[in-house]
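Enquirer:
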Amino acid sequence: MKLALRETVVRYASWETLFMRLLVLWPCWSLIERQVVAVQPTPNGMAHFIDFTFLANPAVQNGVMIAFFITSFFYVIDRLAIPALAIIVGILIAKGTLINSQGAINHSLQLLTLVMLTQFIVQIVAAVNKWGPTEKQIQAMHWTKVVIAASYVSSAFVKLFASNVFWVARVPYLALQIIKSNLQAYYTDLEPMATGWVAEFPYWVASHPNLARVFFSGGLLLELFAFLLLINRRWALAMGLIILLFHESISFLMNIDFKNHVWLVLIFLINVPRLINQVWHWCGGRKSLPEFQ
Amino acid sequence: MYSGFSKETTVLYVTDAKDQTLAIKKVFRLDASKVKKAYNKALISICKKNGYNDGDATPADVQAAGKYMVEFLPTQARGEAMERKLREDGLRLYRISFEMTKAGITQSTALVGASR
Chain A
1 MKLALRETVV RYASWETLFM RLLVLWPCWS LIERQVVAVQ PTPNGMAHFI DFTFLANPAV
61 QNGVMIAFFI TSFFYVIDRL AIPALAIIVG ILIAKGTLIN SQGAINHSLQ LLTLVMLTQF
121 IVQIVAAVNK WGPTEKQIQA MHWTKVVIAA SYVSSAFVKL FASNVFWVAR VPYLALQIIK
181 SNLQAYYTDL EPMATGWVAE FPYWVASHPN LARVFFSGGL LLELFAFLLL INRRWALAMG
241 LIILLFHESI SFLMNIDFKN HVWLVLIFLI NVPRLINQVW HWCGGRKSLP EFQ
Chain B
294 MYSGFSKETT VLYVTDAKDQ TLAIKKVFRL DASKVKKAYN KALISICKKN GYNDGDATPA
354 DVQAAGKYMV EFLPTQARGE AMERKLREDG LRLYRISFEM TKAGITQSTA LVGASR
């Protein structure tokens with residue numbers, strides 16, 4: 001059997017791309033509805049040039065939410081998608097910049113914003129090249145997956161560069177990071193901390209350094225080879241499920257939230273609506289929805 | 294997962310005037326990790342002004358970063374009433390330090406800032 005490890009542009013059905021556009025709006029909405037404060041004490045990125053504190057004004061916040069609803073509608077039906085996506089991306093960048101200008105930055109918003117920016121760029125390329133609506137959406141979703149894969153691969157390279165390639169050797173120090181993350185989660189909400197083996201895990205890591213190295217190397221390899229998700233639908237599904245497991249296990253052990261990443265994996269890699277359709281079909285339901293259109 | 298690991302780390306927590314630990318997210322529009330990042334950023338900036346990096350921070354630098362934080366945190370309070378109360382009553386910022394040694398994981402706690 002010949003194993004073809006080539007990138008494939010998956011020919012998604014139009015109902016699949018419709019669901020993808022619809023579902024990706026949920027993580028966008030959860031960012032857009034987030035309350036922000038009217039200060040940017042430590043400007044980050046564009047906040048060095050623009051004062052984004054106006055976004056904390058309740059009237060502006062309401063206006064932003066209304067603008068998001070209207071532009072989302074056009075984005076989903078794929079009409080006037082370029083201005084619609086320009087506004088959505090603009091809102092995401094502005095709000096994300098203000099959130100990341102409070103003295104502490106985090107990367108939970110980056111991939112989501114990058115995905116929407118990618119779709120905006122593909123819309124422009126499609127307009128320039130006069131692609132039809134089906135081709136445009138297929139390319140938009142393909143490049144979305146490329147960006148998702150690239151984000152994981154670059155994350156693996158950052159680990160290797162930041163540790164001078166000694167990331168695996170330093171894994172036992174991860175024990176302190178696990179303790180730190182769990183304590184930070186505790187001080188955030190004062191909810192009772194995990195007990196039992198979860199609480200003991202960092203001490204196990206510290207006392208079994210080589211086993212810990214083997215255990216955590218899997219995560220690094222997964223990120224390094226994330227580009228395999230571009231081979232075809234099955235690889236995307238398989239890699240999506242493993243990445244999901246990867247995020248959920250880190251969330252469980254370290255109390256770190258990967259909500260946006262999980263959403264993107266569920267929508268673009270696991271492709272949940274198609275999975276449900278396939279399972280329904282395999283279980284003897286009515287004929288599955290068309291693969292191509 | 295983390296890109297780089299160190300053999301030591303710190304966690305910050307905040308208490309009120311009666312030294313009762315505060316649920317950071319309930320009181321501020323932040324979580325504990327962001328409080329730490331903001332503190333680190335302040336410490337780095339203070340050390341940079343003094344001509345060295347934060348790895349060489351003196352106790353005075355740590356206290357200066359702590360002072361900045363207890364003044365900064367009320368600006369992140371949920372609502373003006375909460376901000377006023379925090380400013381009037383005061384806040385304390387504690388730092389728990391963890392270190393991995395050959396003997397295992399050690400920890401110590403220090404007060405790094407108090408506004409009253």
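Keeping their order, the protein sequence lines are chains A and B. Take the first sequence: its letters are residues 1 to 293, numbered as in the numbering used here. Take the second sequence: its letters are residues 294 to 409, numbered as in the numbering used here. By construction, the Cβ of each residue, glycine as well, lies at the ideal position given by its N, Cα and C atoms.
Where does the unbroken beta strand (DSSP E) through Q369 of chain B begin, and where does it stop?
Expert: Start at 1 with the first residue of the second sequence, and residue 369 of chain B comes out as number 76. Where Q369 of chain B is concerned, there is no enclosing beta strand (DSSP E), given that its DSSP letter is neither H nor E.
Enquirer: Exposed or buried, which one is Y332 of chain B when buried takes at least 16 other CB atoms within 10 Å?
Expert: Along the second sequence, one-based indexing puts residue 332 of chain B at 39. Buried, because 16 or more other Cβ atoms sit within 10 Å of the Cβ of Y332 of chain B.
Enquirer: From what residue to what residue does the beta strand (DSSP E) around L80 of chain A run?
Expert: Against the first sequence, residue 80 of chain A aligns to sequence position 80. Taken as a continuous stretch (DSSP letters only), L80 of chain A belongs to no beta strand (DSSP E), as it is neither H nor E.
Enquirer: Ordered along the chain, which non-local residues of its own chain (more than five positions away) have a Cβ less than 7 Å from that of R380 of chain B?
Expert: Locating residue 380 of chain B in the second sequence gives position 87, where the first residue counts as 1. Within the same chain, R380 of chain B has close Cβ partners P367.
Enquirer: What do you get for I77 of chain A, buried or exposed, if any count of 16 or more other CB atoms within 10 angstroms of its CB means buried?
Expert: The residue labelled residue 77 of chain A in the question sits at position 77 within the first sequence. By the neighbour-count rule (16 or more Cβ atoms within 10 Å), I77 of chain A is not buried but exposed.
Enquirer: Given this structure, state the Cα-to-Cα distance separating D51 of chain A from F74 of chain A, to the nearest angstrom.
Expert: As a working note, residue 51 of chain A is residue 51 in the first sequence. As a working note, residue 74 of chain A is residue 74 in the first sequence. The straight-line gap from Cα to Cα measures roughly 29 Å.
Enquirer: Taking only the alpha-carbon atoms, compute the straight-line gap between R11 of chain A and A94 of chain A and give it to the nearest angstrom.
Expert: Looking up residue 11 of chain A in the first sequence gives position 11. Looking up residue 94 of chain A in the first sequence gives position 94. Taking the straight line joining both Cα atoms gives about 34 Å.
Enquirer: Under the DSSP definition of a beta bridge, which residues are partnered with Q177 of chain A?
Expert: As a working mapping, residue 177 of chain A is identified with position 177 in the first sequence. Per DSSP, none; premise fails for Q177 of chain A.
Enquirer: So what does DSSP say about T384 of chain B, is it helix, strand or coil?
Expert: In the second sequence, residue 384 of chain B corresponds to position 91, counting from 1. Thr is not the amino acid found at residue 384 of chain B; the sequence shown has Leu there. Residue state, collapsed to three classes: coil.
Enquirer: Just checking my contact of F68 of chain A with I32 of chain A at CB under 8 Å: how many whole Å lie between their CB atoms?
Expert: On the first sequence, position 68 is the one that residue 68 of chain A refers to. On the first sequence, position 32 is the one that residue 32 of chain A refers to. F68 of chain A to I32 of chain A, Cβ: 5 Å. Contact.
Enquirer: Check whether chain A comes within 9 Å of M393 of chain B, counting only Cβ atoms and requiring the distance to be less than that.
Expert: Numbered from 1 along the second sequence, position 100 holds the residue referred to as residue 393 of chain B. So, interface residue.
Enquirer: On a CA-only basis, which of A:V128, A:Q119 and A:H261 is nearest L241 of chain A? Give me that one, please.
Expert: The residue you call residue 241 of chain A lines up with position 241 of the first sequence. The candidate whose alpha carbon is nearest that of L241 of chain A is A:H261.
Enquirer: Who are the Cβ neighbours of K311 of chain B in its own chain at under 7 Å, not counting the five residues just before and after it?
Expert: Along the second sequence, read from residue 1 onward, the residue named residue 311 of chain B stands at position 18. Cβ neighbours of K311 of chain B beyond the five flanking positions: none.
Enquirer: Which partner residues does Q393 of chain B have in the DSSP bridge list?
Expert: Position 100 of the second sequence, counted from the start, is the residue given in the question as residue 393 of chain B. Strictly speaking, residue 393 of chain B in this sequence is Met, with Gln absent from that position. DSSP output for M393 of chain B lists B:I398 as bridge partner(s).
Enquirer: Assuming F268 of chain A contacts M116 of chain A under a Cβ cut-off of 8 Å, what Cβ separation, rounded to an integer in Å, is found between them?
Expert: Start at 1 with the first residue of the first sequence, and residue 268 of chain A comes out as number 268. Start at 1 with the first residue of the first sequence, and residue 116 of chain A comes out as number 116. The Cβ separation is near 12 Å, so there is no contact.
Enquirer: Could you check what DSSP says for G406 of chain B in three-state terms: helix, strand or coil?
Expert: The residue labelled residue 406 of chain B in the question sits at position 113 within the second sequence. If DSSP states are grouped into helix, strand and coil, G406 of chain B belongs with the strands.
Enquirer: Identify whether T71 of chain A lies in helix, strand or coil by the three-state DSSP scheme.
Expert: Here residue 71 of chain A is taken as the residue at index 71 of the first sequence, counted from 1. If DSSP states are grouped into helix, strand and coil, T71 of chain A belongs with the helices.
Enquirer: With distances taken Cα to Cα, identify the nearest neighbour of D309 of chain B among B:V355, B:L404 and B:D382.
Expert: For this step, residue 309 of chain B is matched to residue 16 along the second sequence. The shortest C-alpha separation from D309 of chain B is found at B:D382.
Enquirer: Okay, do the stretch 29-43 of chain A and the stretch 152-172 of chain A touch, 3+ Cβ pairs below 8 Å being the bar?
Expert: These segments do not touch.
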